[in-house]
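Contents: one structure, followed by commentary.
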Amino acid sequence: MKPVFEFTKGMREMTTSYCPGCTHGIAHRLIMEVLEEKGALGNAIGVSPVGCSIVAHQFMNVDMMESPHGRAPAVASGIKRVHPDSYVFTYQGDGDLASIGTGEIIHAAHRGEKFCTFFINNAIFGMTGGQMAPTSLIGQKTTTSVEGRTVEQAGAPLRISEMLATIDGAVYVERVSLHSPAEVRKAKKAIRTAFEVQEKKLGFAFVEFLSTCPTNWGLSPVAALDFIKDKMIPYYPVKNFKSVEEVK
Amino acid sequence: MSTSEKRLMKGNEAFAIAAIRSGCRFYFGYPITPQNEIPEYMSRELSKVGGSFIQAESELAAVNMAYGASAAGGRVLLSSSSPGIALMQEGMSIFCSVQLPLVLLNVMRGGPGIGTIQPSQADYNQVTRGGGNGDYHIIVYAPSSIQEAVDMIGKAYEVADEYRNPVIIAVDGMIGQMMEPVVLPEDQGYTREEDIPKKKPWALVGHKDQRDRNVIKSLQLKQELLEEEIMAYWPKYERAQRELPEYEARNLDKAEVVFVAYGSTARVVLEAMEILQKEGIEAGLIRPKTLWPFPDQAFENLGDNVKKVISVELSQGQMINDVKLALNGRHHVDLINRVGGMLLSPAEIAERTKTLMGGTK
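Chains as they are written, first to last, in UniProt numbering: chain A, 1 to 248; chain B, 1 to 361.
Given below as C-alpha cells:
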C-alpha cells in the first residue's frame with residue numbers, strides 16, 4: 001500500500017518540550033520538510049539562540065548549535081564563511097531577535113548574508129515566563145505590563161519585517177502566519193523560497209511567523225489561534241515585503 | 001616574502017602575517033586603537049589565500065562570528081583592545097562552555113572605561129580572571145617582543161586546538177605599535193573545507209546523511225548534569241597548570257632584589273637592572289611568558305640571597321596578587337607601577353627600587 005503521509009526525516013521521532021498549542025512544532029516541521037524535499041538535511045547547519053527554541057537541536061535532524069541571546073545572525077555569518085555552500089539558518093524568537101539581537105539581525109541583512117532567518121513572533125518572552133517583548137501589542141497584558149502595554153511607557157510594537165525590508169541586502173522578506181492550515185501551507189512556500197534565495201546566493205532571506213504562546217497569553221490553544229487572526233494580523237500584516245525576480 | 005629573512009616590521013602587521021602562516025583563514029573584527037593594523041591587513045590579504053574577513057558591527061558580533069566559524073571547524077583569529085575585549089567576555093564564557101578553540105590578540109590600552117589609547121597592562125585581571133560568567137579559564141601568553149609574539153601565535157593555535165579552549169595573547173600597545181626586526185614563521189598551509197571532518201570530527205559541517213547530527217550546546221538546565229560536565233572538562237585546566245607555564249629567569253641565584261615583570265615592561269626592567277648593578281645592587285628577573293597558568297614554579301626555589309621581590313607592572317597592582325600566591329607568604333612583595341597609559345623608565349624603576357630598599361645602598 002502506498003503511504004499517503006510520512007513523518008519527515010528532518011524531525012527526530014520524539015515528543016517536543018513545547019507547550020500544548022504552541023506553534024513551534026509546526027514551524028520546526030515545515031523547515032525540516034523543506035530541507036528534506038530539497039535533499040539538503042545532510043548539508044544544513046542551524047543556529048538556535050536563547051529562548052524556548054534554544055532546544056530546537058533536540059528535535060531537528062541536522063547539525064546545530066546554540067547561540068548566546070540575540071547573536072545567532074553573527075554566529076551564522078561565521079558558519080557561512082567556513083561552509084559557503086551549506087544551507088545555514090537561524091531560528092529565533094521575538095524576545096531574542098527583536099530585542100537583544102536587533103544589532104546582529106540588522107547587520108546580517110545589511111551585509112546581505114547568504115543565510116536564512118526564521119523569526120518566530122509570538123509577541124512575548126516565552127521561556128522567561130511571559131514578559132513584554134518589543135513586539136507585544138498595545139494593551140497586551142504581560143508580567144512586566146500587567147495593566148497592558150502602553151505607547152507612553154514602552155513605545156509602539158516593533159515591526160521587524162517592515163524594518164528589514166528597507167535594507168538593500170535583505171532580498172526576500174515575508175511575514176506568514178501559523179493560525180490555520182491554509183496559512184501553514186503558505187508559510188511552507190515562504191520557507192522554500194527563502195532557501196532558494198540562499199542556494200542562489202542572492203542575499204539575505206527572512207521569514208517572520210506569527211505564532212502562538214497560549215501559556216503566557218493565558219489563552220486556550222484554539223483561542224490563541226484566534227488571537228493571531230484577530231489581534232496580531234491587523235497590526236502585523238501577512239504579506240510579502242520584498243522578493244527578487246530569480247525566485248518569483 | 002621569503003620565510004627566514006629578517007625584516008623590520010610593525011608588531012600588529014607581523015601578528016597578522018604570523019596568524020595566516022599558522023593556518024588562520026577567518027578573521028572578524030571591529031576597529032579599535034591601537035590594533036587597527038590587524039583588521040586592515042586581514043581585509044587586504046585573507047581573501048587572497050582562500051580566507052574570509054568580516055568587519056563586524058561590534059565586538060559582540062565579532063566574537064560570535066568567531067564562535068560560528070570555530071564551531072564550523074575554521075581556524076579563527078580575533079583581535080581587539082581592552083574595552084573591546086570587555087565586550088567579548090560573553091563569547092569567552094561560551095567558547096569555554098562548549099569547548100571550542102580560538103586565538104585572540106589583546107593589544108592592551110589604558111583603562112578603566114574608555115580610558116586612553118596609550119599602552120597599558122591594566123587588563124591583567126580581565127584576561128587572567130575573565131569577565132564572563134561561570135567556571136572556566138582562558139590560557140594567556142604575554143610576549144615581550146614582536147619576535148616572541150609571532151612565535152607564540154603559532155604555538156597558541158596548537159594549544160587552542162589541543163585544549164579546545166580560547167587562548168589570549170596579551171600584548172601592550174607598545175609591542176603592537178613599535179617596529180622591530182622579526183623572522184616570520186614558515187607557512188604551514190591550512191585545513192581545507194573538505195578536510196575539516198577528519199581533523200575536527202565534532203565540527204558542524206552537515207551530517208551528509210552519514211552520521212548522527214553534531215550538536216554544539218551550552219544550555220544545561222539539570223544542575224547535576226551541568227556539574228558533571230564541568231567536572232569532566234576541568235582536568236584539562238589542571239593539566240594546563242602542569243604543562244603550559246613558561247617563564248624566563250635571570251640572575252636569581254645572586255639577586256638581592258627580584259623583579260617580576262612581563263611584556264614590554266620586562267625589557268625596561270632589564271635596563272633598570274643594569275643601572276642597579278653599576279650601583280652595586282644585584283637584581284634578578286622572573287618574566288612570566290604565560291599569565292594563566294601563572295608560572296608558580298619560578299618562585300619555588302628563591303634563596304636566602306633574595307631580600308626583596310618587586311612586581312613591576314603598568315597596572316594598579318594586578319599581577320602582584322599572583323606573585324603573592326606563588327610565594328605563599330615566603331617573601332614580602334612590593335609594587336613598582338605606573339597606570340593610565342603612563343610608562344616606567346629604567347631610571348624610575350632603579351630609583352624607586354633603591355627607595356624600597358630603604359636607601360641602604
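Ideal placement from N, C-alpha and C gives every residue a C-beta, glycine not left out.
From which residue to which residue does the beta strand (DSSP E) around residue i run?
i: residue 364/B; result: A question about residue 364/B goes unanswered here, because the residues of chain B that appear run from 1 up to 361.
i: TRP292/B; result: 290-292
i: GLU66/A; result: 63-67
i: PHE195/A; result: Careful: PHE195/A lies outside any beta strand (DSSP E), inside the alpha helix (DSSP H) at 181-199.
i: SER48/A; result: 44-49
Classify residue i as helix, strand or coil using the three-state DSSP reduction.
i: LYS80/A; result: helix
i: GLU174/A; result: strand
i: MET65/B; result: helix
i: ALA72/B; result: coil
i: ASP296/B; result: helix
i: MET319/B; result: helix
i: SER47/B; result: helix
i: ILE32/B; result: coil
i: PRO201/B; result: coil
i: GLN140/A; result: coil
i: PHE15/B; result: helix
i: ALA142/B; result: coil
i: TYR41/B; result: helix
i: GLU113/A; result: coil
i: TYR87/A; result: strand
Strictly by DSSP, which residues pair up with residue i?
i: PHE5/A; result: According to DSSP, PHE5/A bridges with nothing at all.
i: MET179/B; result: LYS10/B
i: LEU221/B; result: Bridge partners of LEU221/B: none, in fact.
i: ASN214/B; result: Its beta-bridge partners do not exist; DSSP assigns none.
i: GLY284/B; result: VAL258/B
i: ASN337/B; result: GLU313/B
i: CYS24/B; result: None; CYS24/B has no bridge partner.
i: MET60/A; result: MET11/A
i: ALA249/B; result: ILE286/B
i: LYS242/A; result: VAL173/A
i: MET108/B; result: ASP172/B
i: ILE120/A; result: GLY93/A, PHE209/A
i: GLN131/A; result: PHE125/A
i: LEU325/B; result: Looking at the DSSP assignment, LEU325/B forms no beta bridge with any residue, so it has no partner.
Classify residue i: buried if its beta carbon has 16 or more other beta carbons within 10 angstroms, exposed otherwise.
i: PRO201/B; result: exposed
i: ARG242/B; result: exposed
i: GLY263/B; result: buried
i: ALA347/B; result: exposed
i: ILE114/B; result: exposed
i: ARG338/B; result: buried
i: MET42/B; result: buried
i: LEU325/B; result: exposed
i: PRO34/B; result: buried
i: THR142/A; result: buried
i: THR15/A; result: exposed
i: ARG25/B; result: buried
i: VAL171/B; result: buried
i: residue 362/B; result: The requested residue 362/B does not occur in the structure, where chain B is confined to residues 1 to 361.
i: ALA109/A; result: buried
i: MET152/B; result: buried
i: TRP292/B; result: buried
i: PRO214/A; result: buried
Give the range of the alpha helix (DSSP H) segment to which residue i is assigned.
i: PRO221/A; result: 221-227
i: PRO214/A; result: 214-217
i: SER97/B; result: 89-98
i: MET273/B; result: 263-278
i: PRO346/B; result: 346-356
i: ILE31/A; result: 24-37
i: LEU164/A; result: 160-164
Compile a chain-ordered list of the residues in the region 108-127 of chain A whose CB is closer than 7 Å to at least one CB of chain B. Flagged: no residues at all.
Could you name the residues of the region 196-214 of chain B whose beta carbon sits closer than 8 Å to any beta carbon of chain A, in the order they occur along the chain? Residues passing the 8 Å Cβ filter: ILE196, LEU204, VAL205, GLY206, HIS207, LYS208, ASP209, GLN210, ARG213, ASN214.
If you measure beta-carbon to beta-carbon, which residues of the region 69-84 of chain A are closer than 7 Å to chain B? Legend: CB atoms of the region 69-84 of chain A lying less than 7 Å from CB atoms of chain B belong to residues ARG71, ALA74, VAL75, ALA76, SER77, GLY78, ILE79, ARG81, VAL82, HIS83.
Near-chain A residues of the region 95-113 of chain B (beta-carbon distance less than 9 Å), N- to C-terminal order: Identification of residues in the region 95-113 of chain B having a C-beta nearer than 9 Å to some C-beta of chain A yields VAL98, given in sequence order.
Would you list, in chain order, the members of the region 33-49 of chain A that have their beta-carbon closer than 8 Å to a beta-carbon of chain B? For the region 33-49 of chain A, which is checked against every Cβ of chain B, the residues closer than 8 Å are LEU41, GLY42, ASN43, ALA44, ILE45, VAL47.
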